[in-house]
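Remarks on the structure that follows.
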Amino acid sequence: MATFGLISRQKLALINRRCGFHRLFCSAGVTAKLKPEITLDESISQALDAGQYKPRKHEGRLTTGGCVTVPGPIVAAILKSCKDHPVKALLAEGRKLDNFVRSRKPPMEPDELRRRINEVRHRVGEEFRGKMAVEEMSEEQITYINKVVEAQSKKRAKQQIYAWKPVDYDAFKGLQYLLGRSAAEYAVLTRIFEEIKKRDLGFKPRSLIDFGSGVGTGTWAASNLWKEHIFEYVSIDASADMNDLAELILRGGDVNKPMTLRNVFYRQFLPATSKSKYDLVLAAFSLFELPSARNRLDIVGNLWDKCDGYLVLVEHGSYAGFSLIEEARRFLLKKVEEGEGEELHVFSPCPHEQSCPRVTLDDGTPCNFEMTYNQLPLGGTAGEAAKCVYSYVVFKKGPPNAEQSRFPRLVRPTLVRSKHAVCRMCTDAGKLQEVIFTASKHGKNLYRCAKATKWGDQLPIKIEEKS
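Just so it is clear: in the sequence shown, position 280 is 280 by the UniProt record's numbering, and no numbers are missing.
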């Protein structure tokens with residue numbers, strides 16, 4: 001007999017193994033080492049009982065905005081900036097560039113590159129030795145074979161080993177980037193900044209520095225939320241053409257018009273000194289452009305030294321992008337642990353400062369989140385909805401506030417089925433855990449909150465492991 005809306009135990013167990021989640025068995029009759037007590041946050045429970053808001057709007061919901069759309073004035077400025085180029089052709093090239101950027105990997109370190117090349121050379125040499133009787137060859141023949149092996153090794157290494165190259169963002173490629181990536185980047189940064197604004201009501205940034213600012217999406221997102229507070233925007237990008245394009249957009253696409261924001265400054269290099277401090281420090285989709293791990297960590301350390309509030313690091317949601325975010329997270333936490341830097345804590349997405357359980361699991365899946373956004377309404381078509389995935393980390397100066405919520409965060413989509421909801425979360429204990437919520441076992445309020453909680457939201461619960 002067919003069943004609908006239910007997940008079999010076998011299928012759920014397979015999902016758990018693949019995703020690396022520790023299942024919390026809460027149903028009677030199931031023996032487990034852990035007997036967790038899961039309760040809804042008391043203040044939220046009282047607010048729900050008093051009817052102050054519905055469960056689907058609980059305080060842990062951070063993804064309630066739906067599709068994010070680039071503001072109309074920015075879209076108009078983009079159209080004016082592209083008026084001398086065929087928009088449809090630019091859009092097509094922009095999509096190609098977007099695919100290239102999303103698939104990028106960081107450059108290999110010299111030792112790793114040499115190891116990979118030697119592995120290829122060894123395999124090619126073994127293939128030749130298996131086909132030929134080397135002991136019967138003359139020295140001239142062996143010398144010739146060695147040259148052939150070396151040539152074949154170089155050819156195969158080029159095919160098999162990722163060859164990182166910096167991207168030269170000239171004026172035309174800047175326009176491609178603008179049309180191909182700005183909508184997605186703006187949406188992601190808006191989501192991250194909105195969480196900061198919602199959870200930290202007292203944060204009113206007076207200054208922003210954006211490393212790898214590109215076409216200015218960081219400035220667009222920050223000004224949309226804190227325009228009345230920010231009096232200084234510093235954009236750092238190595239490409240002078242990208243800086244010119246970013247400025248042109250803030251002028252409405254007309255170089256003769258004044259900028260729509262005050263005190264916006266463009267630089268090609270990050271200042272080496274830490275004298276100037278900034279309330280909001282951003283490096284979004286820029287770490288892949290740096291030539292080595294040492295260079296990346298130097299930049300992250302420099303940015304942290306300039307931070308007087310929040311440091312936001314964002315990359316693509318691929319495993320490579322997640323690896324760069326985790327590299328930076330580990331680096332800063334280790335600095336603090338060794339007493340080399342000011343105290344900090346992870347504001348989001350992690351509810352802890354421990355080792356990332358996704359890395360510990362080592363199953364090849366990244367910690368990432370999904371964003372839905374409207375594409376730019378260009379090329380004669382209305383802006384269509386699209387999705388992208390991203391990985392990020394937000395650091396805040398100082399220790400965690402006692403009032404700051406460190407609730408579990410959903411790191412995979414909620415599975416809502418008949419009379420139960422499955423939430424896969426990262427907890428403040430530094431673990432990946434799964435809970436199957438039902439109204440009968442957890443109460444209606446908690447069950448409804450769990451059903452309404454989406455990938456990337458916090459679930460306002462406490463998990464206490466009882467022996």
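Every residue gets a Cβ at the ideal spot worked out from N, C-alpha and C, and that includes glycine.
Everything numeric in this text was worked out from a predicted model, so none of it was measured.
In the DSSP assignment, N374 forms a beta bridge with A385. Exclusion of the five residues before and after H420 leaves I436, T438 as the residues of its chain whose Cβ lies within less than 6 Å of its Cβ.
Ranked by Cα distance from V346, the first of F395, V359, L378, D305 is F395.
The DSSP-derived three-state label of F193 is helix.
Counting of Cβ neighbours within 10 angstroms places R448 among the buried residues, the total reaching 16 or more.
In the assembly as shown, Y169 is a buried residue. Its beta-carbon has 16 or more other beta-carbons within 10 Å.
Separation of H316 and E140 (C-alpha to C-alpha, rounded to the nearest whole angstrom) is 52 Å.
In the same chain as V149, and ignoring 5 residues on each side of it, the C-beta atoms closer than 6 Å to its own belong to V124, G125, F128, in chain order.
Under the DSSP assignment, I230 falls outside any beta strand (DSSP E); it carries neither an H nor an E label. As the crow flies, the alpha-carbon of V255 is around 43 Å from that of K454. Residues of the same chain with a CB within less than 6 Å of the CB of K105, apart from the 5 flanking positions on each side, are Y162, A320 in chain order. At a Cβ-Cβ threshold of 8 Å, R206 and F231 count as neighbours.
Within 10 angstroms of the beta-carbon of H442 lie 16 or more other beta-carbons, which makes it buried. Assignment of A163 by DSSP, reduced to helix, strand and coil, places it in the coil class. Shown here, R251 sits in coil according to DSSP, grouped into three states, outside any helix or strand. Scanning its chain for C-beta atoms nearer than 7 Å, with the 5 sequence neighbours on each side dropped, one finds around T39 the residues I461, K462, in chain order. Counting along the chain, no beta strand (DSSP E) covers F331; the unbroken alpha helix (DSSP H) around it starts and ends at 319 to 337. When C-beta atoms of the region 181 to 196 are compared with those of the region 215 to 222, three or more pairs fall below 8 Å, so the two segments count as touching.
Looking at the DSSP output, Q458 sits in a beta bridge with R409. Rounded to the nearest whole angstrom, the C-alpha separation of R61 and V70 is 22 Å. With fewer than 16 other beta carbons inside 10 angstroms of its own, L361 counts as exposed. L90 has its alpha-carbon roughly 37 Å from the corresponding atom of G301.
A distance below 7 Å between beta-carbons, with the five flanking residues on each side excluded, links I44 to the following residues of its chain, in chain order: H58, E59, P460. Look at G309 here: in three-state DSSP terms it is strand. In the displayed model, K396 falls within a strand according to three-state DSSP. By DSSP's assignment, Y278 forms a beta bridge with C307. When only Cα atoms are considered, V312 and G94 end up about 26 Å apart.
Note on geometry: alpha-carbon atoms of A386 and E195 lie some 21 Å from one another.
Residue environment for I236: buried (at least 16 other C-beta atoms within 10 angstroms of its C-beta).
A direct Cα-to-Cα measurement between K275 and E342 gives close to 15 Å. Residue state for Y144 is assigned as helix, using DSSP reduced to three classes.
Rounded to whole angstroms, the Cβ separation of E42 and S292 is 49 Å, and the two are not in contact under 8 Å.
Boundaries of the beta strand (DSSP E) around R417: 415 to 417. Scanning A283, F203, I209, T63 for the CA closest to the CA of R409 turns up T63. Q375 and P349 have their C-alpha atoms roughly 25 Å apart.
Where E42 is concerned, the enclosing alpha helix (DSSP H) starts and stops at 42 to 49.
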